[in-house]
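Q:
2 protein chains.
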Amino acid sequence: MLVDVHIDELATPALVVESSLLDRNLDEMARALPGSRCRPHVKAHKCTALARLQAERGHTAFTCATVAEVEGMARAGLGDDVLLANEVVDVGRLAAAVATGARVTVAVDSAETVAAAVAGGVREVVIDVNVGLPRCGCAPADAGHLAELARSNSLAVRGVMGYEGHAVGIEDRDARVAETDRAMALLAQAHGDAGGELITAGGTGTYDINGVATEIQAGSYALMDTAYGKLGLPFALALSIVATVVSVAPDWAVADCGLKALGMDHGNPTIPGAAVWFCSDEHVTFAPDQPLRVGDRVRVLPAHIDPTVAYHAAMHVVDGDEVVETWPVDLRGW
Amino acid sequence: MLVDVHIDELATPALVVESSLLDRNLDEMARALPGSRCRPHVKAHKCTALARLQAERGHTAFTCATVAEVEGMARAGLGDDVLLANEVVDVGRLAAAVATGARVTVAVDSAETVAAAVAGGVREVVIDVNVGLPRCGCAPADAGHLAELARSNSLAVRGVMGYEGHAVGIEDRDARVAETDRAMALLAQAHGDAGGELITAGGTGTYDINGVATEIQAGSYALMDTAYGKLGLPFALALSIVATVVSVAPDWAVADCGLKALGMDHGNPTIPGAAVWFCSDEHVTFAPDQPLRVGDRVRVLPAHIDPTVAYHAAMHVVDGDEVVETWPVDLRGW
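Listed in order, the protein sequences are those of chains A and B.
Numbering follows our numbering, in which position 70 of the first sequence is assigned residue number 625; successive positions increment by one, without gaps.
Numbering follows our numbering, in which position 310 of the second sequence is assigned residue number 865; successive positions increment by one, without gaps.
(1) Compare the Cα-Cα distances from B:V864 to each of B:R852, B:G875, B:D876 and B:W882 and report the closest residue.
(2) Quick check: the Cα distance between B:A652 and A:R658, rounded to an integer number of angstroms?
(3) Consider the Cβ of B:G757: report whether some Cβ of chain A lies at a distance smaller than 9 Å.
(4) Among A:D664, A:V677 and A:I725, which residue has its Cα nearest to the Cα of A:G699?
(5) For A:T668, which residues in chain B fall below 8 Å Cβ to Cβ?
(6) Taking 9 Å as the CB-CB limit, is A:M779 close to chain B?
(7) Taking Cβ-Cβ distances below 7 Å as the criterion, which residues of the region 694 to 718 of chain A are in contact with chain B?
(8) Is the beta carbon of B:A525 less than 9 Å from the beta carbon of B:H821?
(9) For B:L615, which of helix, strand or coil comes out of DSSP?
(10) Determine which residues share a DSSP beta bridge with A:G714 and list them.
(11) I'd like to know if A:E734 contacts chain B, where contact means its C-beta is closer than 9 Å to some C-beta of that chain.
(12) Do B:I682 and B:A702 have their beta-carbon atoms positioned less than 9 Å apart in this structure?
(13) Mapping the DSSP letters down to three states, classify A:M628 as helix, strand or coil.
(14) So is B:D729 buried or exposed if we call it buried at 16+ other beta carbons inside 10 Å?
(15) Can you find a C-beta in chain A that's less than 9 Å from the C-beta of B:T840?
(16) Note the first and the last residue of the continuous alpha helix (DSSP H) segment covering B:T863.
(17) For a contact meaning CB atoms closer than 7 Å, what does A:R648 contact in chain B?
(18) Is A:F644 close to chain B? Criterion is C-beta to C-beta, closer than 9 Å.
(19) Have a look at the DSSP bridge pairing and note the partners of A:T799.
(20) Listed from N- to C-terminal order along the chain, which residues in the region 858 to 870 of chain A have their beta-carbon within a distance smaller than 7 Å of any beta-carbon of chain B?
(21) Does the separation of the CB atoms of B:E564 and B:A791 fall below 9 Å?
(22) In chain order, what residues of the same chain lie with their CB nearer than 8 Å to the CB of B:V673, ignoring the 5 residues before and after it?
(23) Find out if the Cβ-Cβ distance for the pair A:A773, A:G757 is shorter than 9 Å.
(24) How big is the Cα-Cα spacing for A:M819 and A:G850?
(25) Quick check: B:N685 and B:G676, are their CB atoms within less than 9 Å of each other?
(26) B:W832 to B:V800, Cα distance in whole Å?
(27) Using a cut-off of 8 Å between C-beta atoms, extract the partners of B:M819 located in chain A.
(28) Using Cβ-Cβ distances below 9 Å, what residues of the region 804 to 815 of chain A are close to chain B?
(29) Give me the residue from A:C834, A:I796 and A:M584 with the minimum Cα distance to A:I562.
(30) Could you check where the beta strand (DSSP E) with A:H871 kicks off and where it finishes?
(31) Using 10 angstroms around the beta-carbon of B:P595, count the other beta-carbons present and answer buried if the total reaches 16, otherwise exposed.
(32) Excluding five sequence neighbours on each side, which residues of the same chain lie with their C-beta closer than 7 Å to the C-beta of A:C593?
(33) Going along the chain, which residues of the region 583 to 610 of chain B sit with their C-beta nearer than 7 Å to a C-beta in chain A?
(34) What residues of chain E sit near A:N685, judged by a beta carbon separation below 8 Å?
(35) Are the C-beta atoms of A:P789 and some chain B residue less than 9 Å apart?
(36) Do you know whose CA, among B:L886, B:W889, B:V809 and B:E837, lies nearest A:C619's CA?
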């Protein structure tokens with residue numbers, strides 16, 4: 556949707572994406588991991604308009620976390636090769652993903668998830684392997700058996716998946732490298748047993764570290780957040796939330812960006828030029844370095860991009876002070 | 556919307572409301588604070604179907620935090636007396652609230668917010684007073700002047716508002732009482748200066764403590780959460796999130812209810828019969844007391860109701876295992 560709006564005309568709180576920074580982030584990833592070496596994870600932005608820019612840069616295979624994301628990507632014509640990198644046992648929802656006509660590959664880590672994939676009409680799977688993060692994934696030693704079970708049920712096993720989520724956020728690069736190496740040794744072992752052409756893993760924090768994965772499931776790199784911002788990566792904070800100062804006291808100010816506009820699991824957001832005190836449902840209270848007036852606007856930088864974007868219906872692409880496009884956040888929900 | 560579905564047929568994660576517990580909570584509040592003594596805050600549930608049940612119990616005046624909530628309440632025919640208990644300087648949005656035809660009263664705490672109210676066509680305001688929470692509200696000593704300013708601009712001043720948000724969550728009741736009393740002494744002083752028939756304040760944690768407010772803006776009492784659950788109030792946890800176990804390891808299990816289904820500012824959710832370890836975007840990892848199997852369902856209790864509900868498009872009302880109604884969460888956004 557093309558619009559012709561000044562940024563100050565946006566109703567707040569408003570997600571805004573700096574067009575030039577987004578482009579730079581997307582270009583950098585396309586240079587570092589061209590084509591199928593990066594399988595962008597759409598869970599970080601939940602926006603098919605943004606996914607299209609990733610596809611235009613050569614990344615035409617995508618990662619999704621939910622069936623709703625698969626459905627949305629298919630609707631947008633971006634379903635050439637979609638990996639549902641998550642365990643799903645809801646046969647009806649799996650069937651819905653298959654019914655989109657997209658090429659859908661699903662993660663499995665148990666006999667139950669294999670059975671659900673079969674029942675849902677899924678044809679291709681990856682074996683999800685636990686590489687150290689206590690979440691989904693079979694034990695590395697079980698990957699071979701599980702692949703066999705899948706094949707014996709007429710599923711094509713495209714390879715293995717193993718997300719080093721316990722490594723991606725480690726601030727010290729050497730420690731991050733060491734943890735990633737440990738994790739990928741497990742995944743390589745599992746791949747030896749399970750076979751297939753794909754070793755799919757990784758994230759924004761390990762995109763240039765993970766030497767085992769054939770493809771990296773990076774998502775946050777496009778928009779970034781303050782948590783990943785601490786890692787010294789060549790990706791800029793392209794997303795912020797424009798908020799309006801609605802109240803000013805001698806020692807603090809209050810803007811209209813609160814808990815319902817921000818993922819809070821990584822802690823408070825950041826406001827450049829201010830110390831953030833706390834957030835309430837619809838407010839952030841902060842101490843600005845310089846006095847602010849009611850009606851002034853501030854930029855709020857989220858600590859965690861994924862659950863922040865999921866609260867918003869749209870993001871606005873800006874070039875300086877001009878809103879050049881408004882994109883629906885069309886992959887929300889499940 | 557009437558439905559005929561077994562709870563196990565719901566796609567997960569799914570917000571579910573226990574009909575009998577909701578009724579009990581609503582009845583208890585209507586008994587304790589009948590009619591206009593309670594002005595339910597819709598920000599906690601963002602659902603006009605639920606607000607209608609509150610209106611049917613005699614609470615026909617409501618509190619809103621956003622213009623979108625005002626618009627939705629007006630659309631639902633629940634706009635008899637809606638207090639936008641928040642500072643808004645966006646004249647266009649204020650005008651949109653007025654244009655709904657609802658009786659809209661807006662909080663003001665500065666010359667700027669008075670000017671915005673006038674420009675937006677607002678006719679009635681309350682003077683928002685800071686009673687100890689570092690957020691919005693003028694200094695108590697300024698309330699009289701601000702009321703004068705509002706009246707000189709042809710605004711009707713219905714009274715004062717002062718939210719003791721720093722008191723509502725204090726677990727020790729005596730300490731909660733003491734903090735509330737301190738806050739309300741300030742509000743009473745401001746009311747003496749500003750005049751008007753309303754002294755609007757309070758929340759679920761102080762609904763039976765606040766002896767100064769003429770009306771209590773309680774919201775959480777209807778659905779509740781684990782934070783308010785610690786206060787020993789006569790309100791039951793009526794809302795939970797049904798999640799499906801998608802992966803099981805020897806020491807933990809994983810269900811499909813993560814950061815995008817839960818407000819996380821008050822910390823991790825609770826799963827009865829389990830120790831919650833952490834949440835990821837689409838997962839909760841937990842150690843169950845008894846072994847679980849893939850496909851089993853668990854109930855996840857959010858720590859903070861307001862930002863949890865704001866992630867969901869619908870809530871399902873259940874009577875035992877039967878889904879008796881599905882309500883849109885129709886007051887989301889801004």
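Virtual Cβ for every residue (Gly too), placed ideally from N, Cα, C.
A: Reading from the atomic positions:
(1) B:W882
(2) 46 Å
(3) no
(4) A:D664
(5) V801, S802 and V849
(6) no
(7) none
(8) Outside the shown range of chain B, which is 556 to 889, sits residue 525 of chain B, and nothing can be said about it.
(9) Reading off the sequence shown, one finds Thr at residue 615 of chain B, where the question assumed Leu. In the structure shown, B:T615 sits in coil (DSSP, three-state: anything other than H, G, I, E or B).
(10) A:V681 and A:L753
(11) no
(12) yes
(13) helix
(14) exposed
(15) yes
(16) I860 to V864
(17) A566
(18) Looking at the sequence itself, residue 644 of chain A is Val, so the reference to Phe does not match. So yes, A:V644 belongs to the interface.
(19) A:R852
(20) D861, P862, A865, Y866 and A868
(21) no
(22) N708, S709 and L710
(23) yes
(24) 25 Å
(25) no
(26) 15 Å
(27) G818, M819, D820 and P862
(28) A804, P805, D806, W807, V809, D811, G813, L814 and K815
(29) A:I796
(30) A869 to D874
(31) buried
(32) M584, H614, E770, I771 and A773
(33) K598
(34) Structure shown: chain E not included; protein chains present are A and B.
(35) no
(36) B:E837
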